[in-house]
Amino acid sequence: MAMPQNSTRENGFCFTQPLDFSCACPHPGEAGRPLCAVSGGDGCSTPLSNGIASSGAPSPSGSCAEPLCTASPAQEETPFEEGIKYVSAEGEELACGWGGFTPGCLQLCNTSKGVLFFLCVASFLQGMTVNGFINTVITSIERRFDLRSYQSGLIASSYDIAACVCLTFVSYFGGNGHKPRWLGWGVLVMGLGSLLFALPHFTTGQYEARSAAQVGVCGGNQSLPCSQAASSLSGYRFVFMLGQFLHGMGATPLYTLGVTYLDENVKTNYSPVYIAVFYTAAILGPAAGYLVGGMFLNIYTEIGREIDMAPENTLWVGAWWIGFLGAGAASLLISIPILGYPQRLPGSQRYIVMRVSEAHQLKDGSHKKASDPDFGKTVKDLPRSVLLLLKNPTFIFLCLAGATEATLIAGMSTFGPKFLESQFSLSASEAATFFGYLVVPAGGGGTFLGGFLVNKFKLRCSGIIKLCLLCTVSSLLAILVFFIHCPNMPMAGVTQMYDGSALPGGHLNLTAACNAQCGCWQDTYSPVCGTDGIMYYSPCHAGCTSVSVNLRNGKKVYQECSCVDKALLPGSGKAEAGKCTSSCAKKPLLLCFMFVVILFTFLSSIPALTATLRCVSDRQRSFALGIQWIVVRTLGGIPGPIAFGSMIDKSCLLWQDQCGEQGSCYVYQNSAMSRYTLVAGLVYKVLGTTFFIVACLLYKPPPAESAPGSLDASENGTSDLQEHKPSLPAEEDI
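Be aware that the sequence shown starts at 1, since it is given in the UniProt record's numbering, and climbs by one per residue.
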């Protein structure tokens with residue numbers, strides 16, 4: 001059995017074969033001493049140490065800090081010169097703490113599970129803030145600070161812009177530095193960004209809601225005058241953009257260095273499970289953000305001030321800022337323990353020694369440069385690092401496949417609620433709730449299940465890529481469900497004439513003889529459902545002249561509606577606020593297959609990430625993740641919503657009119673929306689399938705005989721080290 005090479009020289013493990021090294025051991029106090037041992041015929045002659053020779057402090061507790069084998073009582077008195085011991089060449093401290101303050105109680109958390117807990121809390125806060133609170137309060141911020149849609153879009157994009165700017169720097173230097181410190185400072189910066197985002201609430205005056213009496217009914221549908229002058233409050237968008245920029249800077253180490261830190265400090269086969277738990281927390285964060293953020297929006301923004309206005313009012317502004325204060329404070333607190341972790345966890349060096357390299361083998365052998373311990377420590381190595389990754393076809397096509405999947409995820413998360421709202425004639429809150437019921441079990445469950453399958457079947461790199469391919473093909477087949485759609489609910493003047501006939505040439509006509517005397521304006525869209533089963537643009541367009549409140553459900557009921565057909569039910573010229581309820585029989589089928597699409601899309605995320613980590617050299621893992629995130633964001637995350645949005649906008653029937661400018665879409669044609677969604681989904685899923693196939697075909701694993709240790713040893717821990725395995729077993733791929 002060939003002797004494994006310990007390139008880090010920071011820890012050792014015992015060999016089961018007799019050892020016979022003839023070397024003179026220097027004095028224990030001398031630095032840089034070589035590996036020394038006396039011959040032994042029955043395993044280990046002395047205990048191994050993960051600490052520092054000169055330190056008299058006890059080693060941190062936990063299973064990963066225990067020695068791989070212990071000495072017999074007769075051997076415990078053997079002088080140090082006759083033992084085997086690895087000592088960190090840099091003299092690094094493996095205890096948890098801040099500087100010289102390393103109390104023993106903190107060492108209980110100095111384990112891989114402790115790191116996982118704090119990183120999960122950080123990723124949960126990041127998801128809740130950026131993907132939850134921001135999306136929930138963006139409408140309230142627009143209303144409060146007089147922002148237009150494109151300005152709020154810039155606020156949302158500032159996060160991705162910051163991430164793309166910082167990814168190369170953070171992943172390259174952080175990957176070769178002290179990862180917990182980069183992570184801790186990143187979480188702290190993220191917390192400062194949340195506090196900065198809430199700052200405008202405290203630096204502006206009180207919000208004064210403008211109101212108009214009886215807006216909506218016939219004869220009282222008065223519109224508010226257009227304000228052509230830009231409000232001074234709109235300048236606060238730069239504060240929001242800076243807050244989002246800090247969010248992006250702080251979250252950059254979390255999903256690059258955090259992943260590699262977990263991967264380096266656990267067994268190879270446990271790594272996908274740890275990463276899956278980490279990403280599951282990040283997916284549950286937005287769900288909590290929508291829930292908690294929605295609760296805060298039911299509180300008036302000026303807390304303690306009484307106002308005669310309900311949250312349903314279009315001029316209502318909720319307490320959007322509370323969530324950012326709480327998330328910012330929590331981020332500052334959670335950064336403190338993360339900053340206290342050592343560069344490597346106690347006992348993690350044995351996993352590095354026993355790790356079986358699965359890096360893609362380049363024909364010119366240039367991949368061996370990354371194995372040099374001094375590689376990547378200076379800026380001069382940055383171009384060589386980029387070149388090595390660009391010459392790795394498996395890595396390149398995994399990045400492209402990730403970009404296609406990210407496009408779909410970004411598109412679904414942005415327009416999924418809108419799709420449900422249009423297809424099933426739901427309110428915005430009902431559609432968001434339905435979509436949440438789909439995403440939380442399908443997205444969170446798929447993410448965790450993907451890591452579990454990699455661990456369960458002990459998949460190697462090529463097998464993991466095949467699993468990703470299987471998931472992509474399954475979601476490709478499920479996406480064909482968008483061939484079907486629910487019919488539009490009939491809407492007077494939009495999908496049909498007021499008398500029920502078809503619109504001539506498809507042109508809109510919201511004015512009819514029944515509402516011609518009302519003088520209705522189109523700047524306020526407030527749909528109502530008549531007792532005849534037809535929707536109307538507003539109570540005014542339905543010809544309603546009075547309003548009351550239904551005591552059973554609290555909804556407004558409009559009466560004496562001249563446009564509502566009274567021939568069906570005498571005296572039934574009434575309309576209720578809100579859209580008409582859809583009775584589409586295809587609703588369960590659409591929801592079921594959307595669940596399948598989301599499940600298999602997220603199911604491939606952790607295996608694809610694991611394959612990326614394994615197809616590159618160990619010293620390039622953090623940098624490779626950084627480059628992958630840049631590709632995924634620039635080709636997928638940023639243009640994804642734009643591509644899906646432009647496709648869906650082609651199916652719009654009724655646009656908002658904002659003082660002569662086109663605003664958002666009010667009503668979509670369901671058949672066209674399904675057709676365009678199907679086309680976009682098929683294009684990106686076919687591309688993703690193609691990229692995974694090419695990545696699998698071009699992957700060239702290292703020869704089995706060149707692996708530095710047996711895979712069984714790396715997977716089964718210390719117990720397998722006590723057995724002598726004469727050869728490296730080959731593992732089957734799926």
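For every residue, glycine included, the Cβ atom is placed at its ideal position computed from N, Cα and C.
Query                                                                                                                                                                       : Result
What residue range is occupied by the uninterrupted alpha helix (DSSP H) comprising K685?                                                                                   : 670 to 698
From H702 to A608, what distance separates their C-alpha atoms?                                                                                                             : Here residue 702 is Pro; the residue named in the question, His, does not match the sequence. Approximately 19 Å, taken between the alpha carbons.
Go to Q628, then tell me how far its alpha helix (DSSP H) extends in each direction, as first and last residue.                                                             : 621 to 632
Assess contact between the region 400 to 413 and the region 684 to 699, defined as three or more Cβ pairs (one per stretch) separated by less than 8 Å. Is contact present? : yes
So is E306 buried or exposed if we call it buried at 16+ other beta carbons inside 10 Å?                                                                                    : exposed
So is G205 in contact with chain D if we call contact Cβ pairs under 8 Å?                                                                                                   : Among the protein chains of the structure shown there is no chain D, as only one such chain exists.
Give the secondary structure of S546 by DSSP, where H, G and I count as helix, E and B as strand, and everything else as coil.                                              : strand
What's the C-alpha gap between G402 and C520?                                                                                                                               : 49 Å
If you pair each beta-carbon of the region 629 to 640 with each one of the region 473 to 488, do three or more pairs fall below 8 Å?                                        : no
With burial defined as no fewer than 16 other Cβ atoms inside 10 Å of the residue's Cβ, what is the status of V454: buried or exposed?                                      : buried
Can you grab the Cα-Cα spacing for the pair A198 / F245, in whole Å?                                                                                                        : 14 Å
Considering Cα atoms alone, identify which of L625, V683, K700 is closest to F169.                                                                                          : L625
Could you check whether V317 and K144 sit closer than 8 Å to each other, using their CB atoms as the reference points?                                                      : Before going further, note that residue 144 is Arg rather than Lys in the sequence given. Against a cut-off of 8 Å, the Cβ pair of V317 and R144 comes out as a contact.
So what does P556 bridge to, in DSSP terms?                                                                                                                                 : Contrary to the premise, residue 556 reads as Lys rather than Pro in this sequence. According to DSSP, K556 bridges with V549.
Since T610 and I275 should fall inside the 8 Å C-beta cutoff, what is the C-beta to C-beta distance between them, to a whole number of angstroms?                           : 7 Å
Rounded C-beta distance between W655 and Y668? I'm assuming under 8 Å.                                                                                                      : In fact, because the Cβ distance is near 11 Å, the residues do not count as touching under 8 Å.
Helix, strand or coil: how does DSSP classify C64 here?                                                                                                                     : Because C64 carries a pLDDT of 44, less than 50, the predicted location of this residue cannot be relied on, and no value is offered for it.
Note the first and the last residue of the continuous alpha helix (DSSP H) segment covering G114.                                                                           : 112 to 126
Among S671, I606, C696, which residue has its Cα nearest to the Cα of Y270?                                                                                                 : I606
Could you spell out where the alpha helix (DSSP H) holding V528 opens and where it closes?                                                                                  : Unbroken run through V528 is the beta strand (DSSP E), 528 to 530; no alpha helix (DSSP H).
Give me whichever residues DSSP pairs with W98 in a beta bridge.                                                                                                            : F101
From L188 to A162, what distance separates their C-alpha atoms?                                                                                                             : 16 Å
Just how far apart, CA to CA, sit S501 and A643?                                                                                                                            : 35 Å
Does the region 288 to 296 touch the region 125 to 136, meaning 3 or more C-beta pairs lie closer than 8 Å?                                                                 : yes
If we count the other Cβ atoms within 10 Å of its Cβ and call it buried at 16 or more, is G450 buried or exposed?                                                           : buried
If I'm right that F600 touches A695 with Cβ under 8 Å, what's the distance once you round it to whole angstroms?                                                            : F600 to A695, Cβ: 18 Å. No contact.
Output the distance between the C-alpha atoms of A516 and L503, rounded to the nearest integer angstrom.                                                                    : 18 Å
Looking at C-alpha atoms only, which residue of L339, V549, G578 is the closest neighbour of F101?                                                                          : L339
Name, in chain order, the residues that DSSP records as bridge partners for M535.                                                                                           : M491, C529
Bridge partners for V137 per DSSP, in chain order?                                                                                                                          : Answer by DSSP bridge pairing: none, since V137 is not bridged.
Using the Cα positions of S727 and R350, report the straight-line distance between them to the nearest angstrom.                                                            : Caution applies to S727, whose pLDDT of 40 falls short of 50 and renders its modelled position unreliable; the value that the coordinates give is listed next. For S727 and R350, the distance between alpha carbons rounds to 20 Å.
Using a Cβ-based criterion (distance less than 7 Å to any ligand heavy atom), does G250 qualify as near the ligand HEM?                                                     : For the ligand HEM, the structure offers nothing, since it holds no ligand at all.
When you compare the CB positions of residue 739 and M673, do they come within less than 8 Å of one another, or not?                                                        : The displayed coordinates of the chain run from 1 to 734. Any statement about residue 739 would go beyond what the structure contains.
Quick one: grab the DSSP three-state call for D649.                                                                                                                         : helix
Mind checking F448: buried by the 16 CB within 10 Å criterion, or exposed?                                                                                                  : buried
Where does Q206 sit, in a helix, a strand or coil, going by DSSP?                                                                                                           : coil
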